[in-house]
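Here's the structure, in structure tokens; my notes come after.
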Amino acid sequence: MKQATDGIAHLHHINIIHRDVKPKNILLTGLSANDSTKNFSRLRVKISDFGLCKTVKIGHNSISKVSGAVGTEGWMAPELLDPNASTYAVDVFSLGCVFYYTLTDGEHPFGESFSRMNNISNGIYFLSHLNEDEYTSRTLISSMLRKEAGRRPAASAVASHPLFWEPTKQLQFLMEVSDWIEKKEPRDPIMRRLEWRRDLVFTNWLDQVDELLRLDLLKQRQYMNNVRDLLRAIRNKKHHYQELSIELRNILGMIPVDYLSYFTTRFPMLLMHSFMSLACIGNESVFRNYYSPEKLRDFYEKEQTALFLSEKGKRNLSPANWRSDINLSSKQVSSTTTTFQPQLNLLFDPSIPPPLFIKQNNSPNLKITEEVKDQINEQEKEKFLFTEKTETIVNNEQFVKVPKNKNKKKKRKAPFYLLVDEEKKN
Numbered sequence: 001m002k003q004a005t006d007g008i009a010h011l012h013h014i015n016i017i018h019r020d021v022k023p024k025n026i027l028l029t030g031l032s033a034n035d036s037t038k039n040f041s042r043l044r045v046k047i048s049d050f051g052l053c054k055t056v057k058i059g060h061n062s063i064s065k066v067s068g069a070v071g072t073e074g075w076m077a078p079e080l081l082d083p084n085a086s087t088y089a090v091d092v093f094s095l096g097c098v099f100y101y102t103l104t105d106g107e108h109p110f111g112e113s114f115s116r117m118n119n120i121s122n123g124i125y126f127l128s129h130l131n132e133d134e135y136t137s138r139t140l141i142s143s144m145l146r147k148e149a150g151r152r153p154a155a156s157a158v159a160s161h162p163l164f165w166e167p168t169k170q171l172q173f174l175m176e177v178s179d180w181i182e183k184k185e186p187r188d189p190i191m192r193r194l195e196w197r198r199d200l201v202f203t204n205w206l207d208q209v210d211e212l213l214r215l216d217l218l219k220q221r222q223y224m225n226n227v228r229d230l231l232r233a234i235r236n237k238k239h240h241y242q243e244l245s246i247e248l249r250n251i252l253g254m255i256p257v258d259y260l261s262y263f264t265t266r267f268p269m270l271l272m273h274s275f276m277s278l279a280c281i282g283n284e285s286v287f288r289n290y291y292s293p294e295k296l297r298d299f300y301e302k303e304q305t306a307l308f309l310s311e312k313g314k315r316n317l318s319p320a321n322w323r324s325d326i327n328l329s330s331k332q333v334s335s336t337t338t339t340f341q342p343q344l345n346l347l348f349d350p351s352i353p354p355p356l357f358i359k360q361n362n363s364p365n366l367k368i369t370e371e372v373k374d375q376i377n378e379q380e381k382e383k384f385l386f387t388e389k390t391e392t393i394v395n396n397e398q399f400v401k402v403p404k405n406k407n408k409k410k411k412r413k414a415p416f417y418l419l420v421d422e423e424k425k426n
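Counting from 1, one number per residue, gives the positions in the sequence shown under full-length UniProt numbering.
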């Protein structure tokens, strides 16, 4: 599938639309009659039948509709059925059908042949033959099969999708994410994006791993039920793999393939969730290799923004609400607590969408592409949210203002407060 996608991406790069991508036009070479089809090292993919291909004029992104339908019924994009101009996205749509056909041993995402064209026209597809742990491929294929051509990814973005990464690269990406967020504050925009919708990734991740691994993790430190600590656990056990017991190493398997599979089968959405959450910082030097080409980063940044706007519309939240203590807290601070220590479980309701991320310039050589002063000021205000003093009564304990000591030479910048128990006072 990767070689076929690279071929289509190359055609688009030289301004050619194939318009008839289907299994019969994707040929396999390099194998003799006695070779197994599983010998992928010798396998070569060739795209054939360029009879319907069309060259796109320089400076244009689409071609005008010719008389009559083009392509093969059941494999052609819905826009080829109407008089509007068609774009490179028609090949991406057909390629999505081929992906599903390949992964499911011959099934078609738009159903049986007698209802296939009607389903294509109405944008009705079925991915039920994909396994539940194949979330990465499910996400990619569903984006390629969208009825709206403008919402499909470019062929070059498809070719660089995490689905086609080697296990070593997938595991390394998760570890890079863990390193990046290690010292981030809970209210950091990246943390807000990463922890948003985490309930789709897991319910309680410690309950979804083997007992032996759970005991080994909790023996070293306390782990919280969030994405940051799940990624931290994956990173730590990988770094200290040789120090693990033989029984635990047998459970986790060999690095990288078996080790990665242990976690991705239990948390199939983790890779794509992390990838989409960090698309906004894809230009950072540490992540540039994962979000290349730029079309890939832009596509998933738009995907995350679309999810955010959809959730915002359902909840009718304003920017002020996202940053208020009431809406960001899933629990109230205990009334017996006299000091407030920010903790992730107190600050986050994962169903509340995060604010749109502002592109940061953490790399000195990277040009800032967007700057919104109002939103930046809002982010600066968040840094001081927990230092604001309030005059409230907590469990009959009253804040009493103490006057300045005039005998001291050094003046206090602000009054301080002393907790006085009313019972002792009386």
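The beta carbon of each residue, even a glycine, is placed where N, CA and C say it ideally should be.
Inspect the beta-carbon positions of residue i and residue j and report whether they are closer than 8 Å.
{"i": "serine 48", "j": "asparagine 15", "result": "no"}
{"i": "leucine 296", "j": "alanine 157", "result": "yes"}
{"i": "phenylalanine 99", "j": "glycine 111", "result": "no"}
{"i": "leucine 174", "j": "serine 261", "result": "no"}
{"i": "leucine 130", "j": "valine 201", "result": "no"}
{"i": "leucine 206", "j": "arginine 197", "result": "no"}
{"i": "serine 178", "j": "arginine 221", "result": "no"}
{"i": "leucine 244", "j": "aspartate 199", "result": "no"}
{"i": "arginine 249", "j": "glutamine 208", "result": "no"}
{"i": "methionine 191", "j": "lysine 183", "result": "no"}
{"i": "serine 86", "j": "lysine 22", "result": "no"}
{"i": "glutamate 79", "j": "valine 92", "result": "no"}
{"i": "serine 160", "j": "proline 293", "result": "yes"}
{"i": "threonine 5", "j": "alanine 155", "result": "yes"}
{"i": "serine 277", "j": "arginine 193", "result": "yes"}
{"i": "valine 286", "j": "tryptophan 180", "result": "yes"}
{"i": "lysine 238", "j": "tyrosine 259", "result": "yes"}
Quick one: using the 10 Å Cβ neighbour count with 16 as the cut-off for buried, is residue i buried or exposed?
{"i": "aspartate 105", "result": "exposed"}
{"i": "asparagine 226", "result": "buried"}
{"i": "arginine 228", "result": "buried"}
{"i": "glutamine 304", "result": "buried"}
{"i": "asparagine 289", "result": "exposed"}
{"i": "histidine 13", "result": "exposed"}
{"i": "phenylalanine 263", "result": "buried"}
{"i": "threonine 203", "result": "exposed"}
{"i": "glutamate 391", "result": "Its pLDDT being 43, under 50, glutamate 391 is placed unreliably in this model, and the coordinates cannot settle the point."}
{"i": "arginine 146", "result": "buried"}
{"i": "methionine 254", "result": "exposed"}
{"i": "phenylalanine 114", "result": "exposed"}
{"i": "alanine 9", "result": "buried"}
{"i": "alanine 77", "result": "buried"}
{"i": "leucine 218", "result": "exposed"}
Enumerate in chain order the residues of its own chain whose CB-to-CB distance from residue i is below 7 Å, with the five nearest sequence positions on each side excluded.
{"i": "lysine 46", "result": "Leu27 and Thr29"}
{"i": "leucine 11", "result": "His18"}
{"i": "threonine 102", "result": "Met1"}
{"i": "leucine 163", "result": "Thr136, Ser137 and Leu140"}
{"i": "glycine 96", "result": "Ile141, Met144 and Leu145"}
{"i": "threonine 72", "result": "Asp20 and Lys22"}
Residues in the same chain with beta-carbon distance under 6 Å from residue i, minus the five sequence neighbours each way, listed in chain order, please.
{"i": "proline 256", "result": "Pro167, Thr168 and Leu171"}
{"i": "phenylalanine 299", "result": "Pro153 and Ala157"}
{"i": "phenylalanine 357", "result": "Only weak support exists for where phenylalanine 357 lies, its pLDDT of 47 falling under 50; the coordinates are left without a value."}
{"i": "glycine 123", "result": "Lys147"}
{"i": "serine 142", "result": "none"}
{"i": "proline 268", "result": "Asp133 and Tyr135"}
{"i": "arginine 44", "result": "Thr29 and Gly30"}
Identify the continuous beta strand (DSSP E) that holds residue i and give its terminal residues.
{"i": "isoleucine 26", "result": "26-29"}
{"i": "isoleucine 47", "result": "44-47"}
Within the continuous alpha helix (DSSP H) that includes residue i, where are the two ends?
{"i": "lysine 183", "result": "Neither: lysine 183 is in no alpha helix (DSSP H) and is coded neither H nor E."}
{"i": "cysteine 280", "result": "Looking at the DSSP string, cysteine 280 is not in any alpha helix (DSSP H), and its letter there is neither H nor E."}
{"i": "methionine 76", "result": "Methionine 76 -> no alpha helix (DSSP H), and no H or E assigned at all."}
{"i": "tyrosine 135", "result": "135-144"}
{"i": "asparagine 236", "result": "227-239"}
{"i": "lysine 219", "result": "211-220"}
{"i": "glycine 96", "result": "89-103"}
{"i": "tyrosine 259", "result": "257-266"}
{"i": "leucine 11", "result": "2-13"}
{"i": "residue 429", "result": "The first residue shown for the chain is 1 and the last is 426, placing residue 429 beyond what the model contains."}
{"i": "alanine 155", "result": "155-159"}
{"i": "arginine 249", "result": "246-252"}
Spatial neighbours of residue i within its chain, please: C-beta separation below 8 Å, excluding the five flanking residues on both sides.
{"i": "threonine 339", "result": "Confidence at threonine 339 is low in this model, with a pLDDT of 32, below 50, so its placement is unreliable and the value that follows should be read with caution. Here the set comprises nothing."}
{"i": "asparagine 119", "result": "Phe110, Gly111 and Tyr125"}
{"i": "glutamate 247", "result": "Leu212"}
{"i": "phenylalanine 384", "result": "Here the model assigns phenylalanine 384 a pLDDT of 48, short of 50, so the residue's position is not dependable, and the following value carries that caveat. So no residue of the chain qualifies."}
{"i": "histidine 108", "result": "Gly74, Cys97, Tyr100, Tyr101 and Arg116"}
{"i": "glutamate 176", "result": "Val286, Phe287 and Tyr290"}
{"i": "methionine 272", "result": "Tyr135, Thr136, Thr139 and Pro162"}
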